[in-house]
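Under our numbering, the very last position in the sequence shown is 534; numbers go up by exactly one each time. Ideal Cβ positions, reconstructed from N, Cα and C, are used throughout, including at glycine. One structure below.
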Amino acid sequence: MDSGKRCSFPQKNYVSTGVSDRRHTGLQQLQVLSASAQGFLGPRKQLKFIQEKSDGSSVLVGSCHRLLECLDLDGSVTQLLNETVQAQHKIFHSGTSTLMFMAGAWSQVALEAVNLGITVSQIKTAMTRALEECVEACKHSAVNISDISPPKSDAKGKEGVKLPQDLKCKLKHSRHFTSHNAQETTINKISRIAQAITHGSEASMNLVLKAYELQSMPCFDVQKLVTCTIPSMSEGQACALNGYVTSLSMEQTQLAQRLKDKVLNIALIKGDLTKKYRHLGFNTPSNSTKITDCLSSSSEEERWIENTLKTLHKLNIDIVLVNGMIDTKLMEQCTDILLLQGVKSNIFSEFSINAIPISYVGQLDERCIGQARIKSVFSWKLICVTSESSTLVSVIITSPVPAKLQRMEDEVWKCAHRLNQAITEEKLLPGAGATESICVHRLMHTLRANHEEETVVMKLMVEAWWKYIWTLERNIGEEQTSDVGGAIVYDNMSVKFEAWRRALDLVLLLLQSDTEIITGVSEGENKYNQLMTL
């Protein structure tokens with residue numbers, strides 16, 4: 001990057017130490033909150049420990065959405081920021097650091113523009129146009145995934161993303177490829193894409209590539225992926241397996257050993273497997289009255305458990321997958337049938353080809369029963385359940401440090417969604433700050449044809465982009481030259497664009513909401529001067 005071009009926009013200290021008493025306090029609060037995202041930019045995340053005051057427990061976080069989950073959201077600005085970040089995470093599982101950082105940087109732009117006397121409508125128009133110009137320029141700079149060059153060898157001997165050695169032979173009979181050379185070409189292509197969007201999470205991306213291998217599909221389907229975290233195991237034991245992997249109790253593990261490698265009858269229960277459970281939308285008839293003379297609530301529950309077990313035994317059920325919770329007493333009394341609770345909906349869909357999901361055990365009949373196998377029973381109380389038609393893949397995540405498991409699981413999902421997004425869009429943006437540099441150059445070119453007010457706002461937008469680039473370079477550190485100069489890092493196009501749009505929408509919402517519209521107050525009254533309406 002040309003350091004000479006930066007001189008016209010000197011770096012400023014954008015991080016506020018507190019919230020002043022001026023108007024637009026919402027933007028000031030957003031600026032302060034977003035400062036915590038600086039350490040999450042780039043491949044080297046600055047992890048944070050969040051401690052709970054009540055019991056002294058702590059949580060290790062390495063992303064913005066996890067950070068906001070751990071904070072007390074007692075303000076309207078904090079809640080709006082959290083909702084925006086969580087919405088980004090729910091769809092893309094990445095881009096939250098960029099969103100939160102740019103929200104803070106652009107709130108500074110809006111504040112400075114207001115202090116210069118520019119109207120809210122002019123600020124909104126200029127910032128919106130500036131972002132549109134940037135997005136348009138970046139679209140023209142997007143790279144086709146087929147044009148991504150193989151990763152350069154690391155002079156320091158660092159290990160990058162590697163595809164498993166047995167990948168080629170395992171995909172030999174895939175119906176999606178007509179020759180061994182075609183298989184190898186596609187595999188190498190996916191490996192290059194994964195290397196380009198790893199962003200420092202090599203171990204997690206390797207697990208995702210193994211999952212891609214097991215799916216044996218031209219597209220990576222994240223809906224057919226499930227994760228299972230195991231503490232007290234070395235990180236090198238992490239792996240990916242066909243089927244549904246879940247943890248068991250000691251008693252269930254012994255039962256699973258007896259059922260292993262047999263064709264088993266499986267039943268699927270939507271909701272909870274309890275006496276009191278009623279499906280969504282159930283209404284008790286208003287004209288019905290329940291009369292009991294001799295049965296207590298405890299005896300009713302025992303009778304329900306007895307009938308449930310009788311139904312399961314009559315139909316020779318071996319495994320029951322339950323979407324919700326299972327009655328504790330039923331779990332204790334059911335010693336010859338494997339009951340698994342908390343099974344997600346996407347897992348149900350994999351087994352529902354052979355079995356029909358039902359809401360109550362009383363609905364169970366022979367037409368609802370499917371077949372499955374217990375493929376493996378591991379020494380650390382895990383089983384792998386699969387069916388003939390299932391393409392479900394489970395990623396087992398292990399670590400001797402329990403506090404790291406959640407972050408490692410988040411990284412796996414982040415890598416999975418990045419790879420899926422890249423394959424779907426077939427385009428990527430240059431990473432490591434290169435895309436933001438494109439935005440700077442486009443805005444510098446646009447400045448010449450704008451009105452005075454728009455020119456001022458766009459200059460401030462340029463400073464915001466430079467702030468992002470400077471922060472990213474600082475976090476990358478010694479890897480800066482290889483990541484930026486080598487051009488081996490890429491970003492997902494839709495993820496980045498959506499993060500920018502959400503950040504700007506949040507800033508403009510607060511900018512307009514901070515404008516006081518008070519009816520019934522005469523001129524000269526300053527009673528509501530500090531009121532912020534959201």
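For the candidate residues the options, whose alpha-carbon lies nearest to that of residue i?
i, options, result
"serine 437", "Glu213, Thr424 and Val462", "Val462"
"glutamine 237", "Leu510, Thr398 and Leu508", "Thr398"
"alanine 203", "Lys275, Asn307, Ala416 and Asp327", "Ala416"
"asparagine 400", "Glu235, Leu509, Arg303 and Lys90", "The sequence shown places proline at residue 400, not asparagine. Nearest option by C-alpha distance: Glu235."
"threonine 274", "Leu248, Glu300, Lys260 and Ile326", "Ile326"
"serine 379", "Gln223, Ser389 and Ala256", "Ala256"
"arginine 442", "Ala37, Leu209, Met458 and Glu473", "Met458"
"tryptophan 304", "Asp55, Thr25 and Tyr277", "Tyr277"
"serine 352", "Ser390, Ile317 and Asn316", "Ser390"
"methionine 100", "Ala499, Leu509 and Ser513", "Ala499"
"glutamate 302", "Cys334, Gln371, Leu71 and Glu425", "Cys334"
Compute the beta-carbon to beta-carbon distance between residue i and residue j, rounded to the nearest angstrom, for a pair I have assumed lies under 8 Å.
i, j, result
"isoleucine 148", "isoleucine 193", "6 Å"
"valine 143", "lysine 427", "7 Å"
"methionine 493", "leucine 419", "About 14 Å separates the two Cβ atoms, so there is no contact after all."
"glycine 243", "cysteine 384", "4 Å"
"isoleucine 369", "alanine 355", "6 Å"
"valine 489", "tryptophan 466", "At roughly 19 Å, the Cβ-Cβ gap does not stay under 8 Å, so valine 489 and tryptophan 466 are not in contact."
"alanine 432", "isoleucine 396", "Actually they do not touch by this definition, with Cβ atoms about 31 Å apart."
"valine 539", "alanine 240", "Absent from the structure is residue 539, since the part of the chain shown begins at 1 and ends at 534."
"alanine 422", "isoleucine 145", "6 Å"
"alanine 110", "leucine 511", "5 Å"
"alanine 126", "glutamate 452", "With a Cβ gap of about 11 Å, alanine 126 and glutamate 452 do not count as contacting."
"asparagine 316", "phenylalanine 348", "Not confirmed; about 21 Å, so no contact."
"leucine 259", "aspartate 318", "6 Å"
With DSSP as the reference, label residue i as helix, strand or coil.
i, result
"valine 32", "helix"
"cysteine 334", "coil"
"glutamate 516", "In this prediction, glutamate 516 has a pLDDT of 49, which is less than 50 and means its spatial position is unreliable; what the coordinates show is noted afterwards. Residue state, collapsed to three classes: coil."
"valine 361", "helix"
"phenylalanine 348", "helix"
"lysine 414", "helix"
"asparagine 316", "coil"
"lysine 381", "coil"
"alanine 203", "helix"
"serine 376", "strand"
"threonine 386", "strand"
"phenylalanine 49", "strand"
"valine 393", "strand"
"isoleucine 197", "coil"
"proline 400", "coil"
"serine 191", "helix"
"tyrosine 277", "coil"
"asparagine 307", "helix"
"alanine 238", "coil"
"isoleucine 269", "strand"
"glutamine 421", "helix"
"arginine 175", "Residue confidence for arginine 175 is low, a pLDDT of 46 falling below 50, so the modelled location carries little weight; the figure read from the coordinates is stated next. Reduced to three states, the DSSP call for arginine 175 is coil."
"isoleucine 230", "strand"
"valine 263", "coil"
"leucine 321", "strand"
"leucine 167", "At leucine 167 the pLDDT is 41, less than 50, meaning the model places this residue with poor confidence and gives no usable figure here."
"glutamine 341", "coil"
"isoleucine 148", "coil"
"serine 141", "coil"
"leucine 27", "helix"
"serine 216", "coil"
"isoleucine 353", "coil"
"isoleucine 369", "coil"
"serine 437", "helix"
"leucine 429", "strand"
"leucine 405", "helix"
Tell me, please, whether the region 230-238 touches the region 348-368 by the rule of three or more beta-carbon pairs shorter than 8 Å.
No contact exists between the region 230-238 and the region 348-368.
If you scan the region 51-131 from start to end, which runs of the alpha helix (DSSP H) of 4 or more residues do you find wholly inside it?
64-70, 76-92 and 96-115, all fully within the region 51-131.
Tell me whether the region 44-58 and the region 124-141 touch, counting them as touching only if at least three CB pairs, one residue from each stretch, are closer than 8 Å.
Touching, no, given that fewer than three Cβ pairs across the two stretches are closer than 8 Å.
I want to know whether the region 409-429 touches the region 264-276 - three or more CB-CB distances under 8 Å.
As far as the Cβ criterion goes, the region 409-429 does not touch the region 264-276, which means the pair count is below three.
Is the region 337-352 touching the region 238-255 in the sense that three or more CB pairs, one from each, lie closer than 8 Å?
Output reads yes: the region 337-352 touches the region 238-255.
Do the region 99-109 and the region 496-507 make contact, defined as three or more Cβ pairs closer than 8 Å?
Counting Cβ pairs under 8 Å, three or more are found: they touch.
Counting Cβ pairs closer than 8 Å, one from the region 62-70 and one from the region 85-97, do we hit at least three?
Yes, since at least three Cβ pairs between the region 62-70 and the region 85-97 fall closer than 8 Å, the two stretches touch.
Hey, which unbroken runs of the beta strand (DSSP E) at 3 residues or more fall wholly within the region 441-512?
List check, beta strand (DSSP E) in window: 490-492.
Kindly confirm or deny that the region 304-312 and the region 322-334 touch, where touching means at least three C-beta pairs closer than 8 Å.
Enough Cβ pairs lie closer than 8 Å, so yes.
Any 3 or more C-beta pairs closer than 8 Å across the region 24-32 and the region 67-82
Segments in contact, yes.
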